[in-house]
Structure formats: C-alpha cells, structure tokens
C-alpha cells in the first residue's frame, strides 16, 4: 500500500524476489546472521560467567563480533551487484562456521576477540545478502515486518535456551544453523535486478488519467538513512549488551531480570502488527520520528538506576519500539534501491553501530561513569538519529513528497 501525496503515489513493482522460496530462505538467513546480535545479552553474560572475561572485555568482544558483521556487509555491498550471491553466502557461512568451531578450543581473551571478529565478517557476508534479497521484493516493508516478526520468536528462544547451554554448545548451535541453511541455497536468486536509484510514481493527470513516471532519487537519501541507522544502533548496541549486566548489578532481582528478558521479546510481535497499521495510515517517516523520541526517553530513564519496575517499563518499551525503528529505516532504503547495494550496507551500518555502542559503553565504564552513563549516551545518540530523519523528511517533502510519506 502507498500513501497518496500531491497527486502522486509510490508504485511497488513485482520482482523475481517476490517468490516464496526466496523470501523464506532470506528470512531464515537473517535470523541466523543476526543470531549473535539478538542474543548478545545472554552471550555476554556467558563470556563473563563461563570464560571469566571482565565487563570491559565483554564490550570489546561483542564489539569485535558485531563490527566484523559491519565490515562483511560493507564488502558485500561493493560486490553484490556483480558477484553470484550464492557464492557470497557460501563464503560467509564458511568463515562463520570455521571461527565458531575454533572458539570451542580457543578460550583466552585475545584469541576469542579475533575469532569473534572473523565470525562477524562471515555473518556480515551472509546477512547482507539476505537483507538485500528481502529489500528487492516489491513490498519491502512487509518483508522486513515478517523478518522482525520472526525475530520476536527467535530472540525469545535464544534468551530462554542459550543460558542453559555451555559456551561450546552455544557455538555448536550457530554452526548447525549455518549448515542447515546451505541445503536450500538454490532458492536464492543469484543476481540483482538493476542498478537504478529511482522510484516509480503513479502520477494523476489533469484529465483524471494516470501515468507512471520514474524519478531519480538523490544519493544523499540512502546515505542519510544509513547514517541514522548507525546512530540508532549505537544505542541498541550499548543498551542491549549491558542491560542484563546492569540489571544484575542493580536493585532488580536476578530471577526477575531473566524472566523479563524473555517475555519482553514477545513485544516485538505486537510491534510488528502495530508498525504495519501505522505505516499504512501515516507512512514511514513521521511515526519513525515519534518512535525515536520515545525510545530516547525509555532508555534515558535508567540513568538514575534500575529497579524491577523501571526494568519492565524500559525493556517492554524498547523491544516494542525497536521494531518500528528497523521496519521504517530499512523500508526507506529498500523503496529507492533496486540493486541491493545500499540494502546490503544496512547490516554494515547496524554492525558498525554495534561495535561503537559496546566499545563506547565499555569506555564509559572504564572511566568510572557507571551504567547510568551508558544509558545517557544511548538516549543521546537516539536523538541524533531523530534529527537526521527530521532533516531528511523536510527535504523530501520539498523534492519528492510521495517518497517522503511513502509506506
């Protein structure tokens, strides 16, 4: 569905990427590729309790893993328009499987740090292709909504199952998931559609008729979105890496923290449904601006400490709202990019935010500002993302109104 603005509306043209096999495999691949990202709270705790890493070291290791994802996605964006995508996926899966396997024998901090970086690079290749595949469908907002809907269940499963496993068993789970997905690789379209950075608009003529007009989109549009994704994922990286550790060091009870982490994951399901309804009515941009403002507030409220009540409010709100942020951000890029280049960069921006967020948070802890300093930083970068989108929205309203308010 599209939003009509000034006699024009955005047209979503069907593509070969709309086949159910392509969408199902891409959905599965995103769940696997983002597996460490969504499970980082309990994985971080496992690194502390099972491997003896310090809280600062955990931030560095998490940043290496998710920073590697960023680098892998950036490399993929440069080659995804020319290389066979199945080959890129094979390379990524091979790196991730090999690095996870070596992590079962290498347990010292420096060794794990570098191996998690390699595993992240592999997952970056793998995930970038999956995200670009979903974005190439004729209704990217729907595809990304399905992805985040599936994330709600996978995240809840990870947060419930992974704490019961040893560190080696956690690595084995990821290895098995990568291997299983390779069996369905022929379902993945091997080549992109085209390289045009444009949108198709359905224009209403003066006489009441309609014609389709292709409008070139300025390159600053996807780059601004990628910058905003980076900022919002600095928030997500810092918050999500340390929320469990911060809760365990606060007035919140450990049993309560564990239960809330699992149950709040299901807020993402409701978030997917509400995000679709809202975007169909008001487009992507305006709800995104409001969402980022509220998210800054629910993260910043933890600055003065955490108790059981604050933990519930913050976690439930965070898991509900990050769905809006991701759907709206990713769909905005996919609406204008048919080659997959910019769509493949989205995991890169997310991963770069994830390396900055945990590392900046670790530095804040090392400087003695405590967990409150982390949450204040997270709120600040969320407001930066909101400012970027506000500027972009105002510019697009002047140049391509139908794209500014598209769903």
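In our numbering, the protein residues as written are 233 to 639. For each residue, glycine too, the CB sits at the ideal point set by N, CA and C.
Query, Result
"With DSSP collapsed to three states, give me the class of residue 539.", "coil"
"For residue 644, report the span of its alpha helix (DSSP H) as first-last.", "There is simply no residue 644 to check, as the chain begins at 233 and stops at 639 in what is shown."
"Applying the 10 Å Cβ sphere with the 16-neighbour rule, what's the burial state of residue 338?", "exposed"
"Please classify residue 233: does DSSP put it in a helix, a strand, or coil?", "Confidence is the limiting factor: at residue 233 the pLDDT is only 37, short of 50, which leaves the residue's position unreliable, though a coordinate-based value still follows. The answer is coil: DSSP assigns residue 233 none of H, G, I, E or B."
"Does the Cβ-Cβ distance between residue 565 and residue 457 come in under 7 Å?", "yes"
"Can you name the residues that DSSP bridges to residue 340?", "Residue 340 is not bridged to any residue."
"DSSP three-state call for residue 238: helix, strand or coil?", "At residue 238, the pLDDT of 44 sits below 50, so the modelled position is not reliable; the number obtained from the coordinates is stated separately. Looking at residue 238 - three-state DSSP - the assignment turns out to be coil, as it is neither helix nor strand."
"Among 600, 574, 629 and 637, which one has its Cα closest to the Cα of residue 308?", "574"
"Reducing DSSP to helix, strand and coil, say where residue 637 ends up.", "coil"
"Is it buried or exposed, residue 321, if we count other Cβ atoms within 10 angstroms and call 16 or more buried?", "buried"
"Taking the alpha-carbon of residue 548 as reference, which of 559, 594, 489 and 334 has the nearest alpha-carbon?", "489"
"Using the C-alpha atoms, what's the distance from residue 361 back to residue 374?", "18 Å"
"Sorted by chain position, which residues of the same chain lie with C-beta nearer than 7 Å to residue 378's C-beta, five sequence neighbours on each side aside?", "259"
"Do you know offhand how far residue 327's Cα is from residue 355's?", "8 Å"
"With respect to the alpha helix (DSSP H) encompassing residue 252, which residues constitute its N-terminal and C-terminal limits?", "252 to 265"
"Would you call residue 252 buried or exposed, if buried means 16 or more other Cβ atoms sit within 10 Å of its Cβ?", "exposed"
"Which one of 289, 588 and 404 has the shortest CA to CA distance from residue 299?", "588"
"On the CB-based measure, 16 or more other CB atoms within 10 Å of its CB, does residue 314 come out buried or exposed?", "exposed"
"Would you call residue 411 buried or exposed, if buried means 16 or more other Cβ atoms sit within 10 Å of its Cβ?", "exposed"
"Just to confirm my understanding: we take residue 390, look at its own chain, exclude 5 residues before and 5 after, and list those with CB closer than 8 Å. What are they?", "267, 270, 271 and 274"
"Hey, out of 399, 529 and 569, whose CA is closest to residue 367's CA?", "569"
"Return the CA-CA distance between residue 414 and residue 261, expressed in angstroms with no decimal places.", "9 Å"
"Which residue's Cα is closest to the Cα of residue 523: 555, 324 and 544?", "555"
"Between 342, 559 and 468, which has its C-alpha nearest residue 505's C-alpha?", "559"
"Using alpha carbons as the reference points, say which of 613, 372 and 551 lies closest to residue 516.", "372"
"Along the chain, where does the alpha helix (DSSP H) containing residue 388 start, and where does it finish?", "372 to 393"
"Less than 7 Å separating the beta-carbons of residue 471 and residue 405?", "no"
"Counting Cβ pairs closer than 8 Å, one from the stretch 617 to 635 and one from the stretch 339 to 358, do we hit at least three?", "no"
"Tell me whether residue 596 is buried or exposed, calling it buried when 16 or more other Cβ atoms sit within 10 Å of its Cβ.", "buried"
"Measure the CB-CB distance between residue 357 and residue 295 and report whether it falls below 7 Å.", "no"
"Alpha helix (DSSP H) containing residue 287: first to last residue?", "287 to 311"
"Exposed or buried, what is residue 249 when buried is set at 16 or more other beta-carbons lying within 10 Å of its beta-carbon?", "buried"
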